[in-house]
C-alpha cells in the first residue's frame, strides 16, 4: 500500500513559471479526480519534470524556490492590480450620466424607494436585489421621494448616484472574479488576462453595470459562487481545514444571494450541485477514504450548500416582510388575510359587518393566487368577442370599479331596520356600483377560454333579465348557512346556464386593459379559480367586528408570496408590438436594447456587446468543441502527448468542460421558457462563454509549436495574443459611445460619430 504521509512538492504555474509550495497526498492523486483536482495532479507532474532543468534550483530547493517565488509573485500581483483598476475605472466612469431615468431604472429604482418608505409592492423576482438597491440609496442620502414614473424623467436634486454606483461596484467585480476563476482552472495568467480583457472592454457588460438594475447584482453572486466552488475544489487535498470550510460556506452564501436576487440563480445552484455530485462520486470510489469520512463529506455539503443557503434565503424574506409593513400598490396580488397585516390597508385592524347582507356594498376577491377582484368598467367587448356588452374582468389592484351592490333577485331590499342576511342557496343580483349594470352571463363563448361562457355587465339602473341571477353557494355549507365576510369560500352559480363564476388567470389583450379574464365555467368542480370571498363589506345598518384574527403566520405568507411570484413570472407574455428577442439572437449580438434616447437631440445609451468580443466568443465555442474532440481522440488512441500537451488537454477538457456546462445551464433553458425574453437575459451565460474563450485561445496560442519550431512558434504565439488584445481595444474605442452616451445624428447619417459602425441592420443606434 502506498504511504499515507503527505509530501511537499513544487508546483509550477502556467506561462510565467510561478512556484508554489503545496502539500499533496499521493493516495488522493491516484484516484479519480474532480475537474480542478485532476488538473492539479497534471500541473504537479509537469512541474516535477521542469525542475530538473532549472539551474537556479539548489539541492534542497528551499532557498532558490523562495527566491523564484518572490520574483514571480510580483508580476502576477501587478496583473491583478491592473485588472482591478481597469475594471473599476471603466464602470465608474460617467456614472452620473445621463441624469435621468434609463430603461428599467423605472422599476428597480422605484422598488428601492419602496423599501426606504417601507411600502409594500409586488415583483416577480425575490427581494434581495431591490433591498440592496434601497439600502445603497439610503446610505448615500437618497430619501425615497423620487417617483420613477417613466424613462427620461430628470433626477434633478435627488441622490441617484449612490444606487447606480453600488450596481457599478458589483459589476466591476465580474472581470476580477473571471480572472481568478480562469487562473484557478488553467493555472495560466495569459488565459486569465485574456478573459479579463474581454470582459473589461465589453460595452455590454459596462452598460448593464452602470444603472439601477438587478443584473449586476445577480451576476456578482453567480460569479462569486463559481469562484468559491473552484477554490473549494482546490482544497480537496486538505478536507475539513479552515480554508476548506471557508470556501464551502462562501459558496453557500453566494448561492443564496444569487437565487435571492432572481430565480435565474437556480441555474448556478444546478451547476454547483452537479459539481458536488461528481466530487462525492469521486470520494466514493476512493477506497482509502472510509465510509464514515464519506458520510462526513456528504453532511458537510448538505449543511454548507443546502441548509445554509435555504436558511439565508428564508431570512431574506423575513427581513423583506418586516421592512415592507405598509400598504402599497402590491396589496391586490395577495389574499385578504395577507393584506390584513399591512399598516394602512383597509383590512389592517379593520372592523366590518361579519355577515353578508342585502343592500351591502362589497368587493369580491378570487381565491386563486393573483386571481384579482371582480371588476367592471365602461368599456365594451370589441366586435367579434362574444356579445358587445360591458366588460367584466378581474383586476389585481384596489379600485373604485371593484365595488358591487348586493340585491335580491326581485329587487325588494329591505329599506328600514336591519337588512336581511344572505344565506347559502339564495339567488342574488350583483349590480356594478359605478356603471349600474348587472353581473351577467350567457351562452356566448368567453374571450380566451373558449369552452367557457362570456361574463358581461348588462342592463342599466338595475334593469336586466334572468341572465343576471346568481345562486350563492358557501363551499362546504348547507342550506341556510350565513355568508361570513372574508372567511367563507363562496361560489356564484349562474341560474340560467348552470355555469360557475371563474377567474381563468389569463391576461386579456390591450382592449381588456391587460386585466385578468373572468368567465362562467360549465365545469363545476371546486377550485380556487371558481371560489371567491367577500373582502370589503360596507353596510351602516349592521354592527362591525374586528378582523385582527385573520393575520397569517410567516410560513403562510412565505408560501403565498412564492406562488404569486411564480405565477407572475409565467404571466409575463409578449405583448402586442412589444420589443423582445429570441435566444438565438443573443450569442450573435443580433440586437441590443435602448436604455436612453431615440433621436438626435437626446442623450442616447444603447445596450450592445462589443462586436469583436461577442463574435470571438461565438467562434471560440466552435473552436473549443473541435479542440476537445481532437484531444479526446488522440488520448483515446493512446498517443503520447508529453507532459505539456497532457496538461493542456486536461485543462481544456476538465476546466473548459466546467465552463461550457455553466454556459449551457444559463442559456439553453431560455429556449423552453414561455415568458417574454430580452437581450439582457444572456449576460450570465456570456460570462461563462468569455471564460471559456480565455481558456481556449490560450491553449490555441500555446499550440503554435505544432506549426513552427522555436523561436518562430513563440513569435507566432505572442503575435496572436497582441492581435487579439489590439482588436478588442480598437473595437472598444469605436463602440464605447454606446455605453457612455452619445448625441447628435444617428448612425445611418454620414455626419454621425457612429457612421459606418452599424455593421448589422438590426442594431438601432
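Residue numbers (our numbering): 30 to 794. Ideal Cβ positions, reconstructed from N, Cα and C, are used throughout, including at glycine. Keep in mind the model is a prediction, meaning the values are calculated, not measured.
So residue i and residue j are supposed to be a Cβ contact under 8 angstroms. How far apart are they, rounded?
i, j, result
"residue 537", "residue 477", "7 angstroms"
"residue 246", "residue 161", "6 angstroms"
"residue 408", "residue 430", "The Cβ separation is near 10 angstroms, so there is no contact."
"residue 745", "residue 737", "6 angstroms"
"residue 450", "residue 342", "No, residue 450 and residue 342 are not in contact; Cβ-Cβ is about 46 angstroms, not under 8 angstroms."
"residue 502", "residue 520", "4 angstroms"
"residue 568", "residue 382", "5 angstroms"
Going straight from the alpha carbon of residue i to that of residue j, what length do you get?
i, j, result
"residue 233", "residue 354", "37 angstroms"
"residue 347", "residue 285", "14 angstroms"
"residue 482", "residue 301", "49 angstroms"
"residue 359", "residue 186", "28 angstroms"
"residue 206", "residue 231", "15 angstroms"
"residue 415", "residue 472", "9 angstroms"
"residue 250", "residue 711", "16 angstroms"
"residue 760", "residue 766", "11 angstroms"
"residue 461", "residue 556", "25 angstroms"
"residue 610", "residue 235", "21 angstroms"
"residue 634", "residue 648", "27 angstroms"
"residue 339", "residue 276", "17 angstroms"
"residue 23", "residue 495", "The chain is shown from 30 up to 794; residue 23 falls before or after that span and cannot be answered."
"residue 179", "residue 135", "6 angstroms"
"residue 378", "residue 125", "44 angstroms"
"residue 553", "residue 480", "13 angstroms"
"residue 513", "residue 598", "33 angstroms"
"residue 241", "residue 283", "21 angstroms"
"residue 127", "residue 771", "10 angstroms"
"residue 532", "residue 523", "14 angstroms"
"residue 640", "residue 751", "18 angstroms"
"residue 659", "residue 726", "15 angstroms"
"residue 314", "residue 625", "56 angstroms"
"residue 548", "residue 559", "10 angstroms"
"residue 739", "residue 108", "26 angstroms"
Tell me, which residues are paired with residue i by DSSP?
i, result
"residue 263", "Partner(s): none; residue 263 has no beta bridge."
"residue 457", "437, 499"
"residue 520", "502"
"residue 409", "419"
"residue 696", "Answer is none; residue 696 lacks a bridge partner."
"residue 489", "492"
"residue 682", "BP columns for residue 682 are empty, so no partner."
"residue 474", "482"
"residue 562", "394"
"residue 623", "635"
Given residue i, which residues of its chain have a CB within under 6 angstroms of its CB, disregarding the five upstream and five downstream residues?
i, result
"residue 11", "Because the chain in this structure spans residues 30 to 794, residue 11 falls outside the shown range and cannot be described."
"residue 373", "355, 356"
"residue 723", "211, 220, 223, 224"
"residue 497", "458, 467, 469"
"residue 791", "619, 620"
"residue 728", "677, 681"
"residue 756", "641"
So, at 7 angstroms on beta carbons, what are the nonlocal neighbours of residue i in its own chain, with the 5 sequence-adjacent residues on each side left out?
i, result
"residue 786", "763, 764, 776"
"residue 66", "Its pLDDT being 48, under 50, residue 66 is placed unreliably in this model, and the coordinates cannot settle the point."
"residue 664", "678"
"residue 394", "365, 402, 561, 562, 564"
"residue 74", "The pLDDT assigned to residue 74 is 40, lower than 50, so where the model puts this residue is not dependable, and the model offers no usable value."
"residue 718", "646, 650, 692"
"residue 293", "247, 713"
"residue 369", "376, 377, 576, 579, 580"
"residue 510", "452, 453, 503"
"residue 387", "435, 436, 437, 442, 443, 448, 449, 451"
Can you give me the Cβ contacts of residue i inside the same chain, cut-off strictly under 8 angstroms, excluding the 5 residues immediately before and after it?
i, result
"residue 168", "191"
"residue 202", "116, 249, 252, 253"
"residue 345", "155, 156, 157, 160, 285, 289"
"residue 698", "296"
"residue 100", "With a pLDDT of 46 at residue 100, under the threshold of 50, the modelled position of that residue is not reliable, and no figure is offered here."
"residue 177", "130, 134, 135, 136, 138, 139, 142"
"residue 303", "690"
"residue 796", "Here the chain covers residues 30 to 794 and nothing more, so residue 796 does not appear."
"residue 280", "254, 257, 258, 261, 301, 333, 334"
What do you reckon, is the C-beta of residue i under 7 angstroms from a heavy atom of the ligand SAM?
i, result
"residue 126", "The ligand content of the structure shown is nil, which means the ligand SAM is not present either."
Under 8 angstroms, Cβ to Cβ, is there at least one residue of chain C near residue i?
i, result
"residue 166", "No chain C is present in this structure, which holds just one protein chain."
Discussion item. Runs of 3 residues minimum, wholly inside the stretch 319–385: which ones carry the beta strand (DSSP E) assignment?
Written reply: 380–382
Worksheet item: Whole alpha helix (DSSP H) runs in the stretch 221–307 with 4 or more residues, listed along the chain?
Response: Here the runs fully enclosed are 232–238, 244–263, 271–290.
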